[in-house]
Amino acid sequence: MRIILFGPPGVGKGTQAKLLSEKLKIPHISTGDILRDAISAGTELGKKAKEIMDDGHLVSDPVMVGIIRDVLKSDRCKNGFILDGFPRTLPQAEALEGILVELNLKINFVIDMEIDPADVVDRLSRRLSCKNCGRIYNIFPGNIPGVGKCQHCGGDLAQRQDDKPETVLNRLRIYAQSTAPVREYYKKAGLLKTINARNGIDSINRTIIELLGK
Ligand code: AMP
4 MRIILFGPPG VGKGTQAKLL SEKLKIPHIS TGDILRDAIS AGTELGKKAK EIMDDGHLVS
64 DPVMVGIIRD VLKSDRCKNG FILDGFPRTL PQAEALEGIL VELNLKINFV IDMEIDPADV
124 VDRLSRRLSC KNCGRIYNIF PGNIPGVGKC QHCGGDLAQR QDDKPETVLN RLRIYAQSTA
184 PVREYYKKAG LLKTINARNG IDSINRTIIE LLGK
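When the sequence shown is numbered by this note's numbering, its final residue is 217 and no position is left out of the sequence of numbers.
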């Protein structure tokens, strides 16, 4: 099974990808996580990506396509994958098509997660993520994770630099300009399945699993 989770920042792609990855036993490939790992490791890629990401801009298409090419060709993805955060531009979608043709593979589903952009700013300003494993915590009264530590791995929780409201607005602008056209690309290809992503995590997960026929 090869799946793309598509939608604006903050819609819950990462959360759903983790759940699906556990259920379907296929890897969750998050380009955002790959870049954040590169930043933590202090690699050349990380040094280049940090400023771009902190401002909410997109890392260049050739860099992103190179990363995805290596990941999809690796043994890890031989039984399928869930892409989260890629493709984010039309050139990335076209390049992905080329890589899949080379590998003689096809995408089975593109799950298009819809949400009102106004909800995104609110959601992202209330989320913390674990600096170690990337797990997301949504903060609201009565749900403040104990002592700022991840309940999964004990790592420190922090707000992502790019989840600050001014940067989120920038990310939403870029989504509308550069990423939304990718929706049409997959709609034309007959792969797009649109779902309402306003509901709770479990309900969205059930909807996706039903769509996948699993
Ligand atoms: P995410 O965790 O998916 O929200 O990604 C965080 C940031 O990483 C984005 O705002 C971009 O700066 C960068 N990024 C992740 N995936 C891509 C991509 N496919 N193309 C360009 N930039 C990306």
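The C-beta atom is built at its ideal place from N, Cα and C for all residues, glycine as well.
No experiment lies behind these values; they were computed from the predicted model shown.
Check, Outcome
"Per DSSP, cross-strand counterpart(s) of TYR140", "LEU131"
"Short Cβ contact (8 Å threshold) for GLY59 with ILE139", "no"
"C-beta atoms of ILE29 and ILE85 nearer than 8 Å", "yes"
"Close Cβ partners of GLY137 (< 6 Å) along its chain, the five nearest in sequence each way excluded", "ASP36"
"Assigned exposure category for VAL185 - 16 Cβ within 10 Å defines buried", "buried"
"Inter-residue spacing [alpha-carbon to alpha-carbon] between ARG209 and ARG201", "13 Å"
"LEU38, DSSP secondary structure in three states", "helix"
"Runs of beta strand (DSSP E) wholly within the stretch 46-103 (minimum 3 residues, chain order)", "84-87"
"Secondary structure of LEU27, DSSP reduced to three states", "helix"
"Best match in ALA20, LYS134, GLY69, HIS31 for proximity to LEU48 [C-alpha to C-alpha]", "GLY69"
"LYS167, DSSP secondary structure in three states", "coil"
"beta-carbon ASP165 near the ligand AMP non-hydrogen atom, thresh 7 Å", "yes"
"Cβ shell of ILE6 (< 6 Å), same chain only, five flanking positions each side left out", "ILE85, PHE112"
"Any non-hydrogen atom of the ligand AMP closer than 7 Å to THR34 Cβ", "yes"
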